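Each residue of the sequence shown is one higher than the one before, counting from 145 in this note's numbering.
No residue lacks a Cβ here, since even glycine has one placed at the ideal position from N, Cα and C.
Keep in mind the model is a prediction, meaning the values are calculated, not measured.
Quick notes on the structure that follows.
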Amino acid sequence: MTLPSRTLGRTGVEVSVLGYGAMELRGAEYMGGPDISDADAGRLLNELLDAGVTLIDTSIDYGHSEDLIGRHLGARRDEYFLASKCGCPPSLPPGVMPMPDTHDFGAANVRAGVEQSLTRLRTDHLDLVQVHLSPSRSEMATGGTIETLEALRAEGKVRFLGMSGTLPNLPGHLAMDVFDEFQIPYSALQPEHDTLISDAARAGAGVIVRGGTARGTAAADKNFTVQPLSGSGPSALDRWQAARLDELLDGMSRHEFVLRFTISHPAVASTIVGTADPEHFRANVAIVARGPLPADVYAEARKRLDLAPIA
145 MTLPSRTLGR TGVEVSVLGY GAMELRGAEY MGGPDISDAD AGRLLNELLD AGVTLIDTSI
205 DYGHSEDLIG RHLGARRDEY FLASKCGCPP SLPPGVMPMP DTHDFGAANV RAGVEQSLTR
265 LRTDHLDLVQ VHLSPSRSEM ATGGTIETLE ALRAEGKVRF LGMSGTLPNL PGHLAMDVFD
325 EFQIPYSALQ PEHDTLISDA ARAGAGVIVR GGTARGTAAA DKNFTVQPLS GSGPSALDRW
385 QAARLDELLD GMSRHEFVLR FTISHPAVAS TIVGTADPEH FRANVAIVAR GPLPADVYAE
445 ARKRLDLAPI A
């Protein structure tokens, strides 16, 4: 079984269509993460690479994640594209949720965060550093965020600059024309950023999707519990039922349909899915290996979800 790959926009880098979101390695003491041992984390991380995953996304905010990646994959650094984030507090007490008001996009904190990530990840460079939590253009201008990232890139510590962006600030980020990549939340159950994904790709940026399985919410035991990205609007269950998506499954599980819908968007280079469970990971690999939805099914799903046809 081989994972397909796509080009990440103007970076020119080929990345696996299924990436790994390493937030699930944060540890039980950080935001109630999965309780995973060091040895199990090491086995999972090495299995990712063995299965053909070439994109790993992490963050300072994700507890033990960076340390575990560095410890277990440092010797395999040339096998994967490594993305982390900046603007995060350098350390966060266990149990505290990283919120926008705990982040500092000033020059000193951005530089310190990247330097700390390099140490934790046991590498001399990040392939991609993403500004976390979608700050406004004015906040970044005040803090010198972009100038600092450009300096780090000139020093060889960062290869590409990205934005982990959302509405309402994402259109402004696109207009800046400084980001090589955007990480955007998106799925059939949370499609609010659909047109912005296409806009980013037309501008030449690579697009990495997070939440591509809507946090697994279509699985039977989750029962569509994910909330709308905008904080208002139809629930995931209402959206699913109104679009009558069960009629399009043709033997697929709801989870498979949601993940294949995400990778069907031609502007999406990779979707990062996080898990601490090797069986969940293997199931996602099998789903992505089946490829996008059939073209007619995808077109019908978009129509039923009131999304514009893909040009």
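Determine, using beta carbons only, whether Ser414 and Ile352 come nearer to each other than 7 angstroms.
In contact: Ser414 and Ile352 (Cβ atoms closer than 7 angstroms).
If you follow the alpha helix (DSSP H) that Thr461 is in, where does it begin and where does it stop?
Residue 461 lies beyond the residue range present for the chain, which begins at 145 and ends at 455; the question has no answer from this structure.
Run through the DSSP bridge pairs and tell me what Lys229 is partnered with.
Per DSSP, Gln274.
Answer with buried or exposed for Met167, where buried requires no fewer than 16 other C-beta atoms within 10 angstroms of its C-beta.
By the neighbour-count rule (16 or more Cβ atoms within 10 Å), Met167 is buried.
Alpha carbon to alpha carbon, how far is Leu381 from Asn367?
Near 8 angstroms, if we compare the C-alpha coordinates of Asn367 and Leu381.
Pull up the distance between the alpha-carbon of Asp421 and that of Ile407, whole angstroms please.
In a straight line, the C-alpha of Asp421 is about 21 angstroms away from that of Ile407.
Taking Cβ positions, are Leu142 and Val161 nearer each other than 7 angstroms?
Any question about residue 142 goes unanswered here, given that the chain covers just 145 to 455.
Taking DSSP's pairing of strands, which residues face Arg354 in a bridge?
BP columns for Arg354 point to Pro329 and Ile416.
Where Gly165 and Ala358 are concerned, what is the direct C-alpha to C-alpha distance, given to the nearest angstrom?
If you take the alpha carbons of Gly165 and Ala358, they lie about 13 angstroms apart.
Can you tell me which of the three DSSP states Asp201 falls into?
Three-state result, Asp201: strand.
So, Ala445 versus Leu392, is the Cβ gap smaller than 7 angstroms?
Yes. Within cutoff.
Decide yes or no for the touch test of the segment 250-270 against the segment 281-298: beta carbon pairs closer than 8 angstroms, at least 3 of them.
Segments in contact, yes.
What three-state label does DSSP hand Arg359 in the structure shown?
Correct three-state label for Arg359: helix.
Go ahead and pull the three-state DSSP assignment for Arg215.
Looking at Arg215 - three-state DSSP - the assignment turns out to be helix.
Would you be able to state if there are at least three C-beta pairs under 8 angstroms between the segment 167-181 and the segment 201-211?
Yes: the two stretches touch, three or more of their Cβ pairs being nearer than 8 angstroms.
Just the C-alpha distance for Thr292 and Ser261, rounded to the nearest angstrom, thanks.
Spanning the two alpha carbons is a distance of roughly 15 angstroms.
Work out the CA separation of Arg388 and Arg221 for me, nearest whole Å.
Distance between the alpha carbons of Arg221 and Arg388: 44 angstroms.
Jot down the residue ranges of each uninterrupted alpha helix (DSSP H) in the segment 370-407, minimum 4 residues, whole runs only, in chain order.
Here the runs fully enclosed are 380-386.
Can Val402 and Ala332 be called in contact, C-beta distance under 7 angstroms?
Yes.
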